[in-house]
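The structure appears below as structure tokens.
There are 2 protein chains.
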Amino acid sequence: MYDRLKGFRDFYPEEMSARREVTDTVETTAARYGFREIGTPHLERTQMYVDKSGEEIVEELYAFEDKGGRDISLTPELTPTVARMVVAKQQALSKPIKWVSTRPFWRYEQVQQGRFREFYQTNADIFGSTEPEADAEILAFAAEALTDLGLTADDFEFRVSHRDILGGLLRSFDADVDVRDAIRAVDKSEKVEREEYLGLLSDAGLSYDQAAEFADLLDRGDLDEIADFGGDDVASAVENLQNVLAAAEDFGAGDYCEVSLTTARGLDYYTGVVFECFDSTGEVSRATFGGGRYDDLIESFGGQPTPAVGVALGDATLQLLCQRAGVWPEEALSTDYYVLTVGDTRDVASRIARDLRASGNVVETDVAGRSFGAQMSYADSINAESVVIVGERDLENGEVTIKDMESGDQTTAPVDDFPGESDAPTYEDYE
Amino acid sequence: MYDRLKGFRDFYPEEMSARREVTDTVETTAARYGFREIGTPHLERTQMYVDKSGEEIVEELYAFEDKGGRDISLTPELTPTVARMVVAKQQALSKPIKWVSTRPFWRYEQVQQGRFREFYQTNADIFGSTEPEADAEILAFAAEALTDLGLTADDFEFRVSHRDILGGLLRSFDADVDVRDAIRAVDKSEKVEREEYLGLLSDAGLSYDQAAEFADLLDRGDLDEIADFGGDDVASAVENLQNVLAAAEDFGAGDYCEVSLTTARGLDYYTGVVFECFDSTGEVSRATFGGGRYDDLIESFGGQPTPAVGVALGDATLQLLCQRAGVWPEEALSTDYYVLTVGDTRDVASRIARDLRASGNVVETDVAGRSFGAQMSYADSINAESVVIVGERDLENGEVTIKDMESGDQTTAPVDDFPGESDAPTYEDYE
Chain A
2 MYDRLKGFRD
12 FYPEEMSARR
22 EVTDTVETTA
32 ARYGFREIGT
42 PHLERTQMYV
52 DKSGEEIVEE
62 LYAFEDKGGR
72 DISLTPELTP
82 TVARMVVAKQ
92 QALSKPIKWV
102 STRPFWRYEQ
112 VQQGRFREFY
122 QTNADIFGST
132 EPEADAEILA
142 FAAEALTDLG
152 LTADDFEFRV
162 SHRDILGGLL
172 RSFDADVDVR
182 DAIRAVDKSE
192 KVEREEYLGL
202 LSDAGLSYDQ
212 AAEFADLLDR
222 GDLDEIADFG
232 GDDVASAVEN
242 LQNVLAAAED
252 FGAGDYCEVS
262 LTTARGLDYY
272 TGVVFECFDS
282 TGEVSRATFG
292 GGRYDDLIES
302 FGGQPTPAVG
312 VALGDATLQL
322 LCQRAGVWPE
332 EALSTDYYVL
342 TVGDTRDVAS
352 RIARDLRASG
362 NVVETDVAGR
372 SFGAQMSYAD
382 SINAESVVIV
392 GERDLENGEV
402 TIKDMESGDQ
412 TTAPVDDFPG
422 ESDAPTYEDY
432 E
Chain B
2 MYDRLKGFRD
12 FYPEEMSARR
22 EVTDTVETTA
32 ARYGFREIGT
42 PHLERTQMYV
52 DKSGEEIVEE
62 LYAFEDKGGR
72 DISLTPELTP
82 TVARMVVAKQ
92 QALSKPIKWV
102 STRPFWRYEQ
112 VQQGRFREFY
122 QTNADIFGST
132 EPEADAEILA
142 FAAEALTDLG
152 LTADDFEFRV
162 SHRDILGGLL
172 RSFDADVDVR
182 DAIRAVDKSE
192 KVEREEYLGL
202 LSDAGLSYDQ
212 AAEFADLLDR
222 GDLDEIADFG
232 GDDVASAVEN
242 LQNVLAAAED
252 FGAGDYCEVS
262 LTTARGLDYY
272 TGVVFECFDS
282 TGEVSRATFG
292 GGRYDDLIES
302 FGGQPTPAVG
312 VALGDATLQL
322 LCQRAGVWPE
332 EALSTDYYVL
342 TVGDTRDVAS
352 RIARDLRASG
362 NVVETDVAGR
372 SFGAQMSYAD
382 SINAESVVIV
392 GERDLENGEV
402 TIKDMESGDQ
412 TTAPVDDFPG
422 ESDAPTYEDY
432 E
């Protein structure tokens, strides 16, 4: 007997039906916003991640050499791949480009609740607009996907921040700051003690007093104070953040957004607005997913300068959020009809099954040569709403029996008129 | 600039919309037959393939060692994974088990037309029935998936064969035959010259005369003659094949099936009926996909003996078949509404876009701060059916303009009554 790899998951039909319902909801929301589905390779050259995604991801890569001597990796995230695809057809694509996809990714991480080595993400991105409406549309799509799943403003909030506010503030100190390291420190600030956080900021080049002042500024989160403190660049980033929030308000996402400058996002390539969705259902508020603006990535891939903003919803944390809020779909099979054969009635039973399927019904019939009782028990196990019994004796009278599985009521119907005109005949129709 | 790996594909939105339509059709057909979707890992232990899938697949594996020292492989096919999943929950699963999934697989192969290193398959399998109805349901599902795509009996045929007929015939010769090698030779028989084919059979242990007699028997394909020649085991396999074809006839797939004993399927684990779908649209008839029975695999994975039969439809050959038959969906975007803003009208335009989306429409609006002309040109590029123009001056009169993009006709509508009661208001509604 073989075992499954650690951090990988098998999804059996009941659980899968709930997952499918959630994915379909998110993808339908994206489609209504005009995000267009793309299909992307699951392997890319390792160098793409070494160059672009920052140390953290590279350490977690499933990387190896293929039989042709290429250094390749299982994709740990989508953004570098879509950047490559935008560059490859830059001239032909009309902008703004709005793309969406749902697929697996892989990172060799410590497995824990809500974190697996194989996970699924729905990524939605907009390329070709620096305008605040693009950031706001990403926020609005993400909020609407969640509300379409049944979540409310009581269940989640988007904590919105801005990389240029953080970077501008850091640069405004009289110190030789490694902005990248300092932003990583901010990203960790909610997960570590204050002293450790200040230590990380000091490691990045701030003095202890500067680190404390910076941390306090972010904690207070007073945008006017921050604009005054940081100078023109920071003031302009503050204005951009405010414009994004105003557009998000117009787009219907206002109720879900709040400014939180201690939100930073771990990945190096973010440039402007960044945000994280926080789960407010539990005692411990935690990040469910996030996104943001990455205006420099396409150019760094050799393309024309192309602004970009996007979001990635991960399956595992989204499932936890939905489950805690009580909106995770029921994990159960559903079946419209089971067509039960008794004796040598396969030809008639098959005709009925085919007619019912032609109207779009989910229909099973016997493929295992089983007894009446075994078939009835199987019909029950797949939650069949109705069972159509096609028996030799009934057929001699030109009849079949239709049984409502919830009530147990049954009646006969003329076989020549079954399923008849109705797309979904029930016990009641023939009672 | 980074390049895509050889044998891997990027799918941009137009092509992806056609692919999605095809996948949805196949999955919907499977759902109507009561196949239940599962989700499966994309990596497994390499040993599973070394033990089970035969040399050909192992040579093509994307295999490597993970950071934990495990020998792992990208999944080259689904069957070993579903066998593992059946074994893991054998007691809890009610039988027959009917599973379906669509996902990528990887093999390091020579890239050619219809063959890529990353490819997609829809796999459908039934576990727990030795009855011919199970084989027939797989044939019927596959045939109906193709006819639901618009294909007809002129476009494809299923060539149906039986491993126990081939194996029984081979064992009936007075020779020390390696049945596995001989069946591989049969699998190659259509692709190589007759002399090479007979040579491969001789390598497998038949004398040259026996090889010629065996090849002639298969070519003639007279089931009565073969049953007489091969003895009881072969006669019983012939009966099973005939029973499967009779059930397939009842299930509506009779028109698509014909006996073809030179069809063998390459994989080692097949046991009973095997079949291949042949594309009859072109001058060169070729295999599009195939399937068959594999009754021993679950037991060899450490499970209870569990019969199984399945089919796998690959994306690339299916696309070629559909394209040659002229039923490949149009590769184009579709959009219901573009809501165009002129001046400072974002709040009203957003409200209209949200109302239209709430009725299920695909709606885009400006996220890039662009001019009237640029927005109209973008609306055209996404094939918007209608454009709703929300202009400052119109709004002063309490109006918006709705433009039919095909005819170019436009008229005004009262903004307070737009979109009004209709889920999909058109130019005609306000004319």
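Chains as they are written, first to last, in our numbering: chain A, 2 to 432; chain B, 2 to 432. Ideal Cβ placement from N, Cα and C applies to all residues, glycine included. Given the structure is predicted, the values throughout are model-derived calculations rather than measurements.
Beta-carbon proximity list for residue i, same chain, < 6 Å, skipping 5 on both sides
i	result
A146 (chain A)	V27 and T30
D67 (chain A)	I73
M49 (chain B)	P81
A64 (chain A)	T47 and S74
P97 (chain A)	I127, G129 and S130
D367 (chain A)	T342 and Q376
Cutoff 8 Å; reference residue i; Cβ partners in own chain excluding five residues on either side
i	result
H163 (chain B)	A238, V239, N241, L242, L262, G273, V274 and V275
D381 (chain B)	M406
G232 (chain B)	G169 and S173
R371 (chain B)	Y379
E226 (chain B)	L218
S408 (chain B)	Y428
Burial state of residue i (16 or more Cβ within 10 Å)
i	result
P306 (chain A)	exposed
T153 (chain B)	exposed
Q122 (chain A)	buried
D1 (chain A)	No information on residue 1 (chain A) is available, as it lies outside the stretch 2 to 432 that chain A covers here.
P415 (chain B)	exposed
M398 (chain B)	Met is not the amino acid found at residue 398 (chain B); the sequence shown has Asn there. It is exposed - the Cβ of N398 (chain B) has fewer than 16 other Cβ atoms within 10 Å.
R221 (chain A)	exposed
G169 (chain A)	buried
Q324 (chain A)	exposed
Y209 (chain A)	exposed
K7 (chain B)	exposed
A375 (chain A)	exposed
F440 (chain B)	What is shown of chain B runs 2 to 432, which leaves residue 440 (chain B) out entirely.
E331 (chain A)	exposed
T427 (chain B)	exposed
K192 (chain B)	exposed
Q113 (chain B)	exposed
E15 (chain B)	exposed
Q211 (chain B)	buried
M2 (chain B)	exposed
S335 (chain B)	exposed
R181 (chain A)	exposed
D4 (chain B)	exposed
One or two residues paired with residue i in a DSSP bridge
i	result
C278 (chain B)	B:F159 and B:F290
V310 (chain A)	A:I127 and A:R294
Y339 (chain A)	A:E365 and A:V388
C258 (chain A)	A:F159
S102 (chain B)	B:N124
A414 (chain B)	B:V401
G169 (chain B)	Note: G169 (chain B) sits in no beta bridge, so no partner.
W107 (chain A)	A:E119
R37 (chain B)	B:W100
F142 (chain B)	Per DSSP, none; premise fails for F142 (chain B).
G315 (chain A)	A:Q122
L44 (chain B)	B:L75
Residues near residue i by beta carbon distance below 7 Å, same chain, minus five either side
i	result
A265 (chain A)	S162, L167, I184, V187, D188 and V275
A84 (chain B)	L298, I299 and F302
V328 (chain B)	L150, G151 and L152
Next item on the list: Tell me the start and end of each unbroken beta strand (DSSP E) in the stretch 341 to 393 of chain B that is at least 3 residues and wholly inside, in chain order.
Entry: Taking only runs of at least 3 residues, the beta strand (DSSP E) segments lying wholly in the stretch 341 to 393 of chain B are 364 to 366 and 385 to 392.
Margin query: Does the contact criterion of 3 or more C-beta pairs under 8 Å hold for the stretch 83 to 95 of chain B versus the stretch 295 to 306 of chain B?
Written below: Yes, since at least three Cβ pairs between the stretch 83 to 95 of chain B and the stretch 295 to 306 of chain B fall closer than 8 Å, the two stretches touch.
Margin query: So, does the stretch 245 to 264 of chain A touch the stretch 127 to 145 of chain A, judging by three or more C-beta pairs under 8 Å?
Written below: By the Cβ criterion, the stretch 245 to 264 of chain A is in contact with the stretch 127 to 145 of chain A, since at least three pairs of Cβ atoms, one from each stretch, lie closer than 8 Å.
Next item on the list: Please confirm if the stretch 376 to 396 of chain B is in contact with the stretch 339 to 349 of chain B, defined as three or more CB-CB distances below 8 Å between the two stretches.
Entry: Result yes; three or more Cβ-Cβ pairs closer than 8 Å.
Checklist line | 3 or more residues per run - each beta strand (DSSP E) lying fully within the stretch 47 to 100 of chain A | finding: Under the rule that a run must span 3 or more residues, the beta strand (DSSP E) segments found entirely inside the stretch 47 to 100 of chain A read 64 to 66 and 72 to 75.
Margin query: Tell me whether the stretch 349 to 367 of chain A and the stretch 315 to 322 of chain A touch, counting them as touching only if at least three CB pairs, one residue from each stretch, are closer than 8 Å.
Written below: Counting Cβ pairs under 8 Å, fewer than three are found: no touch.
Notebook entry, point to check: Should the stretch 204 to 219 of chain A be called in touch with the stretch 96 to 105 of chain A, which here means at least 3 C-beta pairs below 8 Å?
Noted result: By the C-beta criterion, the stretch 204 to 219 of chain A is judged not to be in contact with the stretch 96 to 105 of chain A, since fewer than 3 inter-stretch pairs fall below 8 Å.
Notebook entry, point to check: Which residue spans inside the stretch 210 to 256 of chain A form an unbroken alpha helix (DSSP H) run of at least 4?
Noted result: Qualifying alpha helix (DSSP H) stretches, in chain order: 224 to 231 and 233 to 251.
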